[in-house]
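Residues 44 to 311 (this note's numbering) are what the sequence shown spells out, left to right. Note that beta-carbon positions come from the ideal geometry of N, C-alpha and C, so glycine has one too. Please read all numbers here as calculations on a predicted model, not as lab measurements. Working notes for the structure below.
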Amino acid sequence: MAVLGNSNTTSLNLNPTILADEIALDEVLDMIDPLRHFRNQDDLNDREDRHVVPTQPRSIQNERIQLTFPNRAPKDYCSPSIQITLKVDASPGCGGIAWPAGEVLSNYIALRGKQYCQGRSILELGSGTGLVGLVAGALGGRVWITDQTPLLGIMQENTILNNLQTLVTVSELNWGEKVRPEIPHPDIILAADCVYYEPAFPLLVRTLSDLSGESTEVLFCYKKRRKADKRFFTLLKKYFSWKEIEDDPGRESYNREAISLLLLTKKT
44 MAVLGNSNTT
54 SLNLNPTILA
64 DEIALDEVLD
74 MIDPLRHFRN
84 QDDLNDREDR
94 HVVPTQPRSI
104 QNERIQLTFP
114 NRAPKDYCSP
124 SIQITLKVDA
134 SPGCGGIAWP
144 AGEVLSNYIA
154 LRGKQYCQGR
164 SILELGSGTG
174 LVGLVAGALG
184 GRVWITDQTP
194 LLGIMQENTI
204 LNNLQTLVTV
214 SELNWGEKVR
224 PEIPHPDIIL
234 AADCVYYEPA
244 FPLLVRTLSD
254 LSGESTEVLF
264 CYKKRRKADK
274 RFFTLLKKYF
284 SWKEIEDDPG
294 RESYNREAIS
304 LLLLTKKT
């Protein structure tokens, strides 16, 4: 079992034994102070004015952004960078905007290149805007981007904006529910920024397990936000083992931002 991150204090130790002890301690501390996760620890130590609610970002509604990712093609020919145009809109929920872990995962599969995606069936969970799946589609994958009903519209618009309708299919997939028959068991599963809502942890694990086989590659990118995230990995280890992706040249940079990129393997 890998231990994520470096010496940075924001990294999350995923050793199962340490996880169990830390989760028990967290549960006791949560009972004593239910709001402790919402406080800035530096403010608590150094300042008397304690802010419980963090500063809120500006509202994003019906905007377009363009993101560019490198395309490392074989050395015998030149290939342009991958450009993805995204409609972003927070109206249907937080999934309607682009999040850092999604950009990290998009960048990684772009670096792996067309030879990694082309002709393979690829499914993205919790797609939101569809960014990661759209990059995989631009690299020639047969892609399903999935999320809940309120986000299907923005995913469909982004698929059309990038002229990827022949390669990318938009489909509803609610974690924990039976997978629709039209959604295949993929060669690759992509998941970015899916660890954020604790009641959904067991549902996400169930869906990952339902979709995965022994040969399925699961690329899982997440940003640590709360100590409760450890509970997700406690559930996950019943069905999967994992290791940190080590061949990403951007790893040191995004690890400093508490973002980790993992390769999950289903246990037999």
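In angstroms with no decimal places, state the Cα-to-Cα distance between residue i and residue j.
i	j	result
D236	I152	16 angstroms
P227	S164	8 angstroms
E257	D230	10 angstroms
T192	G171	10 angstroms
N201	S214	13 angstroms
I203	D291	30 angstroms
E241	R107	30 angstroms
V248	C264	14 angstroms
V178	R268	26 angstroms
K266	E225	31 angstroms
P245	R274	10 angstroms
T209	G180	9 angstroms
L278	V222	20 angstroms
S124	M198	22 angstroms
L87	Y239	Residue placement at L87 is poorly supported in this model, since its pLDDT is 36, which falls under 50; the coordinates still yield a value, given next. Using only the alpha carbons, I get a separation of about 23 angstroms.
F112	Q126	6 angstroms
G196	E295	35 angstroms
S134	L194	10 angstroms
L154	V147	11 angstroms
L251	K280	12 angstroms
V131	L166	21 angstroms
L168	L262	11 angstroms
A243	N298	25 angstroms
Anyone know if the C-beta pair for residue i and residue j falls short of 7 angstroms?
i	j	result
C356	G183	Coverage of the chain is limited to positions 44 through 311, which leaves residue 356 absent and any answer about it impossible.
A144	L174	no
E287	L305	yes
T189	L233	no
K309	F283	yes
Give the secondary structure of residue i by DSSP, where H, G and I count as helix, E and B as strand, and everything else as coil.
i	result
R299	coil
D89	With a pLDDT of only 40 at D89, under 50, the local geometry of the prediction cannot be trusted, and the value read off the model is given with reservation. Residue state, collapsed to three classes: helix.
R107	strand
L47	Bear in mind that the predicted position of L47 carries a pLDDT of just 37, short of 50, making it unreliable; the figure below should be weighed with that in mind. The answer is coil: DSSP assigns L47 none of H, G, I, E or B.
T277	helix
T311	coil
E289	coil
Buried or exposed for residue i, please, with buried defined as at least 16 other CB atoms from any protein chain shown within 10 angstroms of its CB.
i	result
N114	buried
G219	exposed
G162	exposed
T128	exposed
N206	exposed
N105	exposed
E289	exposed
S255	buried
R185	buried
T311	exposed
Measuring only between beta-carbons, confirm whether residue i sits less than 7 angstroms from chain C.
i	result
R249	Absence of chain C from the displayed structure is noted, only one protein chain being present.
Worksheet item: At what residue ranges does the segment 203 to 275 contain a whole run of the alpha helix (DSSP H), taking only runs of 4 or more?
Response: 244 to 254
Worksheet item: Which ranges would you report for the beta strand (DSSP E) in the segment 121 to 193 if only whole runs of at least 3 residues count?
Response: 125 to 131, 164 to 168 and 185 to 190
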